[in-house]
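My numbering puts the first residue of the sequence shown at -10, with every later residue one more than the last.
Using N, Cα and C, we set each Cβ at its ideal position, and we do this for glycine too.
Only one structure is covered here, and it is reproduced in the block below.
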Amino acid sequence: MKRVQIVNHTHWDREWYFSTMDSLVLSDNIFIEIIDELKNKANTFFTLDGQISILEEFLELYPEKKADIKYLVENNQLFIGPWYTQTDAQLINGESIIRNLLIGIYETKKIAEPMKVGYLPDTFGFNAQMPTILLNSGINNIVFWRGIDYDQVKSPYFIWQGLSDKKILAINLPNGYGSIPRLYRDKEFWKRKIFSQEKLIREKTQIDEIVIPIGNDQNKITNNINDILNEINQNHDSEYISSNYPQFIEYLSNHKDRLEIYKGEFRTPKTGRVHKTIGSIRCDIKQYNFKLEEILIKRIEPLFVLANSLGIKISKNLLIKAWKKLLEGQAHDSIAGCVSDEVAVDILQRMKQVDELCASIENLLKKRIADEIDLQDDEIILFNLEGRRFKGYKDIVVLVKYPAIKIKDCINCCSYSVKKISGRKNVLVEGLYENFYTKEESYYEHKLNIEVDLPAFGYQVFKVEKDINQVNNIDCDLDISNEKYHIWVNNDKLNLAVNNLVVEDFIVFEDMGNDGDTYDFSPLRNDKPIYFRPIKGSRIINKLEEKLILTGIIMLPENLSDRLDGEHKREFNIILEIKLKKGNEAPIFAININNTVNSHRLRVILKTNIKANKSIASIPFGFLERDILNKEPEYWEEEYLENPIDIEVMNECVAIKDEHNCAIVYTKGIKEYQVKEDQIILTLFATTGELGKSDLLYRPGRASGDITKKGHIKIDTPKAQVKGNLQFEFMLDFPKSFEEREVVNKYNRYLSQNIYYQNQDFNKFLNRIDNKIQSKSLNRLVPKRYSLFDLGKLTISTIMPSLYFEDSYVIRIENKTNIKQKLDLNKLKNNFKLEFINAVEDVIEPISYINNYDFVQIRIRR
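Written out as structure tokens, the structure reads:
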């Protein structure tokens, strides 16, 4: 007999056009009803949206309900976890996705066992490495809706393979998670809603048993569901049963040999909108998220490990607290930016708190290490928190009483900014026996670029010495070069020469009106792009780098009406800084914009003279090739729910290549790109004033979101115009070929952090809480040059303290190439006890190789 497994659930957006506080109030009523219904009805099941954060908050209201929840989970009636929040799968770092699972699973275990289902029913598309991430986290399946193309996958039930050999069971919800909010005792309802959906699914699969979800956003439980299903069974040939996702997954696992295998991403807007251009909406949220990810992953977590190895300990709950606040803003609606303004303010406020937490943690750990070293006031400590030796450039700020200084024992040192800070009168000094007032000396703030050779995962102390003045040469000759690159302005155009290429007019800015909303960019009908070039400015040269600082001022339409009327009323300023380090270093481009215009999209067009038919984009733990369309598909409205334009997302970089050359753009937080002909086009931002709009050129029909529902109102989002100063950065490199390992190493070098500390009394607010940290030392036997370990040529994704096991460190080693690599851990084995673990720290069998596009974890301790 054919069978339909009915899964009752609620989808719980923590925030959207309503806030987390609104959701909390709603949970008070709805979660209580769920618990009561399950307690009173045996053989009844409910899925609480796969995220534990909402239950964590509910238990703050009702701590006494923990026992009920534990009982219901153990009785296989209530299914909670494994995520902390309903994660995005494209716009965030792969490490963030892993942290979401790691923290989600362990926080769930404090209540009961988590549901081992990769449940993401509303995420706006999926990167091709979700199978690799999930299976490495102990989860062998995924349940999802958006992004599937049934021309590529024939059945909603299939095997999804990542870029590696990792494979998981995939369950697609063809009609989404919310097409049947609840069950009713109504034969016409059964016919139109339930039986029709069963028919649609059975047309796509030969599997006898299928699954249909019952529930929707913030939806209550269907009461007496088994009684209703019994009535349905008396009126239909198929057997309908109350079920849950683990039960359906177990059934599918027994029929894996009948399932096809798919390899790739899910970004096609056929069965649901995926919002292909959401990667540039509310750029302030996305940029801040990128910054905080880098701070946590590349600074705070490894600094925890280094400090702990020196006997310095602070609570790891500070780290978990920081991650939780960031993960709240990485839920799909939140990081995408399709939220109300008041919710956007909440997201940015939480991010600000993460920033403050991280700055204080870093300050405290660096200060404690400096105390243990007995760092003197004429010394500075530089950290290298990468798994291998670092030889290259660091930017530091030093405060001293001398107008000119040098750093002893570094390879090279250059001052690019000196600022005199005048002393003050009547400054209070809290003495040992009495307080007194004195005159404060003037001092100098030096911004230095230094070339150093630092030990692997450790630090070195350098001495600061008085020197003669260094002079930066400033002129108006707009021409810079190093051993590989030459960039110059000629005939009102920026030109670039590298290898055998000479690219004229290689960087141009494009501005267009945005008639879209917080979900999608959409062109304004009858609008034409406006192109401009910043080509006036100055050149600065010192012994370590050459720099162009170029400005551009253009008059733009203030709003969409002005754009159609051809009225350019608003001054728009842009500063483009192009920096070339000595040697073969690729140019770095910093863009500073004062956004004064409403409802527009700004892109930077990078001409390469390379024509390709595919782009290569980084995704978590791998690279993915995508076809370049060069033109929009004809009659797309007949088949797609939005324009399937080839505006794509990247994790870190994007490249194009031909037989002779390659161009790679590495970005810091810019997520959206398009390739046309020989151009790589980066979207800096798209701004809008509405949450959802209908009848867009790129997205015909209803508005996205709930605003078209009866009783809903139009929601304006003036903060999504993102007015004011905006900063963006990327690096453009032209290697001869695309070598994956080299690309990864280059990006890691580009993101290398400037982490240093000076024990000075001139300005106790240079570091966040220096003015409040009391000096403390245990033994002062810590060396002035130190390395905890050297991982050699291994590519490290993260070095972090084990969040839930004491005095242990986790190292994740990645292989973002298409070749299996040997795992050489001999250097570690000599000094540490090692055990292999998965991404959520379950112990696994030892591994000797890392498969292509895969990663492994080890947990080490002394």
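N- and C-terminal bounds of the alpha helix (DSSP H) containing residue i
| i | result |
| --- | --- |
| SER85 | 83 to 98 |
| LYS397 | LYS397 -> not in any alpha helix (DSSP H); beta strand (DSSP E) instead, spanning 394 to 397. |
| LEU218 | 214 to 222 |
| GLU731 | 729 to 739 |
| TYR277 | 272 to 284 |
| PRO291 | 290 to 298 |
| SER550 | 549 to 554 |
| ALA325 | 321 to 325 |
| VAL332 | 330 to 362 |
Contacting residues, own chain, Cβ-Cβ under 7 Å from residue i (five flanking each side not counted)
| i | result |
| --- | --- |
| ILE833 | PHE825, ILE826, ASN827 |
| ILE230 | ARG(-8), GLN(-6), ILE(-5), LEU218 |
| LEU490 | ASN598, ASN650, PHE723 |
| LEU685 | ASP504, GLY505, ASP509, SER511 |
| ASP367 | LYS452, VAL453 |
| SER329 | TYR6, LEU680, ILE704, THR706 |
Cut-off 8 Å between Cβ atoms - residues of its own chain near residue i, not counting five sequence neighbours on either side
| i | result |
| --- | --- |
| VAL407 | PRO392, ALA393, TYR433, GLU434, HIS435, LYS436 |
Unbroken beta strand (DSSP E) run spanning residue i, endpoints
| i | result |
| --- | --- |
| GLU187 | That residue, GLU187, is in no beta strand (DSSP E); its alpha helix (DSSP H) goes 185 to 191. |
| ARG592 | 589 to 596 |
| ILE645 | 642 to 646 |
| ILE653 | 651 to 656 |
| PRO202 | 198 to 203 |
| ARG848 | 843 to 850 |
| ILE530 | 525 to 530 |
| GLU419 | 416 to 419 |
| GLN449 | 447 to 455 |
Nearest-angstrom Cα separation, counted from residue j out to residue i
| i | j | result |
| --- | --- | --- |
| TYR746 | ALA359 | 8 Å |
| ARG288 | GLN742 | 7 Å |
| ILE183 | HIS(-2) | 16 Å |
| PRO772 | LEU295 | 13 Å |
| ASN208 | GLU4 | 15 Å |
| GLU331 | ASN243 | 48 Å |
| ARG181 | ASN161 | 21 Å |
| ILE86 | ARG377 | 25 Å |
| ASP695 | HIS701 | 7 Å |
| TRP1 | LYS55 | 19 Å |
| GLU628 | ILE238 | 31 Å |
| ASN840 | LEU549 | 51 Å |
| GLU631 | LYS782 | 44 Å |
| ILE43 | HIS264 | 25 Å |
| ILE410 | PHE751 | 9 Å |
| THR266 | GLN846 | 34 Å |
| ILE836 | ILE808 | 16 Å |
Own chain, CB closer than 6 Å to residue i, minus 5 neighbours either side, in chain order
| i | result |
| --- | --- |
| GLN716 | ASN581 |
| ASN820 | none |
Reference residue i; option with closest CA among the options
| i | options | result |
| --- | --- | --- |
| THR806 | ASN734, GLU566, GLU220, PHE498 | ASN734 |
| PHE495 | LEU721, GLU49, LEU770, ARG135 | LEU721 |
| GLU49 | TYR60, ASP17, LEU67 | ASP17 |
| ILE214 | ILE199, SER242, TYR173, TRP179 | TYR173 |
| LYS310 | GLY326, GLN342, SER298 | GLN342 |
| ALA862 | GLU631, LEU630, ILE645, GLU623 | Since the displayed the chain opens at -10 and closes at 851, residue 862 lies outside it and no answer follows. |
| TYR234 | SER693, SER126, ASP38, HIS557 | ASP38 |
| ASN29 | HIS0, PHE47, LEU61 | LEU61 |
| GLN668 | TYR739, ASN619, GLU641, MET639 | ASN619 |
| ASN32 | VAL416, ASP216, ASN562, SER329 | ASP216 |
| PHE727 | CYS642, LEU770, PRO689, TYR739 | CYS642 |
| VAL142 | ILE250, SER185, ILE169, ILE196 | ILE250 |
| LYS765 | ASN748, GLU345, LEU755, LEU780 | ASN748 |
| LEU671 | ILE157, LYS682, ARG590, LEU248 | ARG590 |
| LEU812 | ASP25, ASN573, LEU780 | LEU780 |
Subject >> Three-pair Cβ contact test at 8 Å for the stretch 699 to 712 versus the stretch 519 to 528 >> reply: no
**OP:** Flag this pair as touching only if the stretch 300 to 318 and the stretch 248 to 255 have three or more C-beta atom pairs under 8 Å; answer yes or no.
**Re:** no
Original post:
Any contact of the stretch 361 to 372 with the stretch 439 to 455, i.e. 3+ C-beta pairs under 8 Å?
Top reply: yes
Original post:
Should the stretch 677 to 691 be called in touch with the stretch 493 to 511, which here means at least 3 C-beta pairs below 8 Å?
Top reply: yes
Subject >> the stretch 292 to 310 / the stretch 345 to 356 touching (three or more Cβ pairs under 8 Å) >> reply: yes
**OP:** Specify whether the stretch 72 to 89 and the stretch 102 to 121 touch according to this definition: at least 3 beta carbon pairs, one from each stretch, less than 8 Å apart.
**Re:** yes
Original post:
Is the stretch 656 to 673 touching the stretch 274 to 282 in the sense that three or more CB pairs, one from each, lie closer than 8 Å?
Top reply: yes
Original post:
Between the stretch 75 to 87 and the stretch 115 to 133, do at least 3 Cβ pairs fall closer than 8 Å?
Top reply: yes
Original post:
Taking one C-beta from the stretch 773 to 781 and one from the stretch 789 to 796 each time, how about it: are there three or more such pairs within less than 8 Å?
Top reply: no
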